[in-house]
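Asker:
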Amino acid sequence: MKSRIVVIFVGILVLWSALAMRAAYLQFLPNDRLNALQNRQFQTKVSLPARRGAIVDSNGRDLAMSAAAYSLYADPKLLENRKQVAKKLAKVLNQSPESVYAKIKDGNRRFVWIQRMLEQDKADEIKSWDIRGLSFVEEWRRVYPNETLLAQTLGFLGSEGQGLEGLELGYNQALMGNKKKVLVKRDARGRPLINDGLMFIENPEGTELKLTVDSDLQYRLESELANAVSQFEADHAVGVILDAKTSKILALASAPTFDVNKAAKSPSEYRRNKIVTDAFEPGSTMKAFVIAAALRDGLIQPNTKFYCEKGSFRVGDRIIKEAETREKFEDLTVSEILAVSSNVGTTKIAFKMGQERLRQGLLDFGFGQRLGVDLPGEARGMVQSLPWRQHLLSNISFGHGISTTPLQIANAFAAIANGGVLNTPYIVQSMRDAETGELVEVQPKPIRRILSAEQAAQMRAMLVGVTTKGGTGGNARVDGFMVAGKTGTAQKVNPNGRGYLRGAYISSFGGFIPANDPKFVIYVAVDSPRKSYYAATVAAPVFSRIASYAVRKEGIAPLQLAEESTVNPKVRRVASEPKIVKKAEAPRAILTATELDKVTNVETGDTVPNLMNLTTREVLRKVSGQDLKVKFVGQGTVSEVFPTAGSQVPESKEITVIMK
């Protein structure tokens, strides 16, 4: 019996010794697997945003950046005299003592945020108190150093660091990068134990976006739009500048604007990026694209004549009148119709096209569909589905009964400027990955060719006519440069019902400069100007000032105006500008299908000769046998001729020769 007890005792002793040795081993010798198990049991992870990627302009200047900020948290269980702590914090944080105390009064809590994104000086003061139970974590605060510059396009962040509008929303995931994981200890119940600060696991910061926008152009655009709103007592104004060749966005803005750093305090109306989100009836700028579509389809030429009914044309039970000039035009060529912005003339061109051709032409120019710009909230606009009544066909020809965004109009002008190709507008030039340093360049994206190079050249020449003497866009001219474009004065649609608002208009001008070698496409629109409303006096001068700044900033040399003259080689003298011919004809009320079929190109018996690469002397020698007036612009040899070689000589007998 006694031996059994001894055996049992020895066995128990051996067992306890083994357990003690194992415990000592586990306690004092390192064991990675057990350490990992312990960490999983007594630590947890809290996600904090990584440093958000910067947004810079085309020259690398900061537009949006992330600055270090400090967020204050507390472990109420460790705080002594919580009411006294609340009073001290309240003074620094500009909060009431009661609101601070409400956060820390529960002594069983182990973690609570006191205030996020504190400034450095406030964080330093609180740190100096050295109060156990208060600590900080470094986060990132979004800063927009230029305040209002490019505000609607940049967008802004919400309280949790998520992009809410603009590029901050559209590229939110790329800008955010990976979240930062923070390890904290926890108790047996899984609650965070925060006392000695946080251990950080650093993750890469977000992707940097480099934009196509030039800050200098952007600033000038915003300034001119703000001045227009003030000068004409308008509701707002919008503008966009595109690279004529690629449709990359060089500037875009809406006035009034807002300070992005104080976005929450600004009216939502100011924050909307109207260039892409708002569609409206554009008015007479649409005539350029109606005429371009008819030219493409071979239905007209620049010198095709239409009788313009002395400014009053009956379509069904409605009377179409001339809006911008109030003139009583009779016979006008297509070039003249565009130059004087004849509603009647454009209506007759649309009737010759028919509704199917016109609708397809407008769709081909990018209207009624999203262009695919890399900005959120792009509107489609509207090109109504068929069938159309005659009065709607007429209205659409001069920009009513159709809605477009400012970006769509500018992009359509770019297609004419660049030789006939419609491109996808874009604003992000490149993206740099913060982890790998890899730079991804964004390439221009052609959508489709809509005009031949020759047709685009013909359109450019006709649009130059709009800004010359007798055209509606004379106030858009820039000294020393050829300007092409079109005015638009549109009645404003009643947003609360049918029809239009009485006395409310949208005045616009769209075009490009220099017309002989387009670099910049510019579109501006002024909504509800009260002191004047015709585009020629409201929008055209705004275009001129923006265009003047753009070409001079780019360093484009002006043409030699001393040689800008109209020369008849036979008499060698300066001739006057051509005048619109208004022949007296009996008025006609309705244009029939038969009459439409009788509209033909006017034959003058002469065509424009090929003058390319000739000197001034050689040009004069070559045209000496023709009764032509030659307008020389620039110096050197011939680089472009308006109208183009092979075209019918206009009745004015005038051709423009661009020398480079």
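With full-length UniProt numbering as the guide, the letters of the sequence shown map in order to residues 1 to 660. Backbone N, C-alpha and C define an ideal beta-carbon position, used for all residues, glycine too. These numbers were taken from a predicted model, which means no experiment stands behind them.
(1) So, with DSSP's three-state summary, where would you put Ser17?
(2) Take Glu640 and list the residues in its own chain whose beta-carbon comes closer than 7 Å to its own, dropping the five residues that flank it on each side.
(3) Less than 8 Å between the CB atoms is what I'm expecting for Gly420 and Arg460, so what's the real figure, rounded?
(4) Starting from the C-beta of Arg51, find all residues in its chain whose C-beta is less than 6 Å away, skip the five residues before and the five after it, and write them out in chain order.
(5) Quick one: using the 10 Å Cβ neighbour count with 16 as the cut-off for buried, is Val440 buried or exposed?
(6) Would you mind reading off the limits of the beta strand (DSSP E) that contains Pro406?
(7) Could you pull the start and end residues of the beta strand (DSSP E) that Asn423 belongs to?
(8) Residue range of the alpha helix (DSSP H) that Val464 falls in?
(9) What residues in its chain sit with their C-beta under 7 Å from that of Arg359, if we drop five residues either side in the sequence?
(10) For Arg271 versus Gln162, is the C-beta spacing smaller than 8 Å?
(11) What separation, rounded to the nearest whole angstrom, lies between the Cα atoms of residue 676 and Gly53?
(12) Report the start-end ranges of each alpha helix (DSSP H) in the region 252-323 that is 4 residues or longer and not cut off at the edges.
(13) Would you say Ala410 and Val240 are within 8 Å of each other, going by their C-beta atoms?
(14) Three or more beta-carbon pairs under 8 Å between the region 367-377 and the region 420-438, yes or no?
(15) So, with DSSP's three-state summary, where would you put His400?
(16) Between the Cα of Asn146 and the Cα atoms of Gly473, Val608, Phe289 and Ala64, which residue gives the shortest distance?
(17) Looking only at DSSP bridge pairs, what is Leu660 linked to?
(18) Give the single residue among Met612, Phe481 and Ala535 whose Cα lies nearest to the Cα of Ser507.
(19) With a cut-off of 8 Å on the beta carbons, I'd call Phe543 and Gly474 a contact; round off their distance for me.
(20) Helix, strand or coil, according to DSSP, for Tyr219 in the structure here?
(21) Classify Leu439 as helix, strand or coil using the three-state DSSP reduction.
(22) I need the boundaries of the beta strand (DSSP E) containing Leu118, first residue and last residue.
(23) For the alpha helix (DSSP H) containing Gly170, name the first residue and the last one.
(24) Measuring straight from C-alpha to C-alpha, what distance separates Gly511 and Gln120?
(25) Here's the rule: buried if 16 or more other CB atoms are within 10 angstroms of the residue's CB, otherwise exposed. What is Glu233?
(26) In terms of residues, what are the limits of the alpha helix (DSSP H) holding Leu338?
(27) Between the alpha carbons of Asn418 and Ile402, how many angstroms are there, rounded?
(28) Where does the unbroken alpha helix (DSSP H) through Phe543 begin, and where does it stop?
(29) Pairing CB atoms from the region 241-257 with CB atoms from the region 213-226, are three or more of them under 8 Å?
(30) Is Asp374 close to chain C? Criterion is C-beta to C-beta, closer than 8 Å.
(31) With three or more beta-carbon pairs closer than 8 Å as the criterion, would you say the region 426-446 touches the region 209-216?
(32) Pro541 to Gly497, Cα distance in whole Å?
(33) Give me the Cα-Cα distance between Ile291 and Val608, rounded to the nearest whole angstrom.
(34) With Thr153 as the anchor, note down where its alpha helix (DSSP H) starts and where it stops.
(35) If you follow the beta strand (DSSP E) that Tyr101 is in, where does it begin and where does it stop?
(36) Should Glu309 be labelled buried (16 or more other beta-carbon atoms within 10 Å of its own) or exposed?
Answerer: From the atom records:
(1) helix
(2) Asn516 and Ile658
(3) Incorrect: roughly 10 Å between the Cβ atoms, too far for contact.
(4) Ser66, Trp140 and Glu205
(5) exposed
(6) Counting along the chain, Pro406 falls outside any beta strand (DSSP E), though it belongs to the alpha helix (DSSP H) covering Pro406 to Ala417.
(7) Val421 to Thr424
(8) Ala453 to Val466
(9) Val383 and Leu386
(10) no
(11) Look at the range of the chain in this structure, 1 to 660, and you will see that residue 676 is not part of it.
(12) 268-271, 274-277 and 286-296
(13) yes
(14) yes
(15) coil
(16) Ala64
(17) A small correction: the amino acid at residue 660 is Lys; Leu does not occupy that position in the sequence shown. Note: Lys660 sits in no beta bridge, so no partner.
(18) Ala535
(19) About 12 Å separates the two Cβ atoms, so there is no contact after all.
(20) helix
(21) strand
(22) Val112 to Leu118
(23) Gly166 to Gly170
(24) 49 Å
(25) exposed
(26) Val334 to Val340
(27) 25 Å
(28) Ala535 to Glu554
(29) yes
(30) No chain C is part of this structure, which consists of one protein chain only.
(31) yes
(32) 33 Å
(33) 21 Å
(34) Ala151 to Leu154
(35) Segment Pro97 to Ile104 is the alpha helix (DSSP H) holding Tyr101; no beta strand (DSSP E) there.
(36) buried
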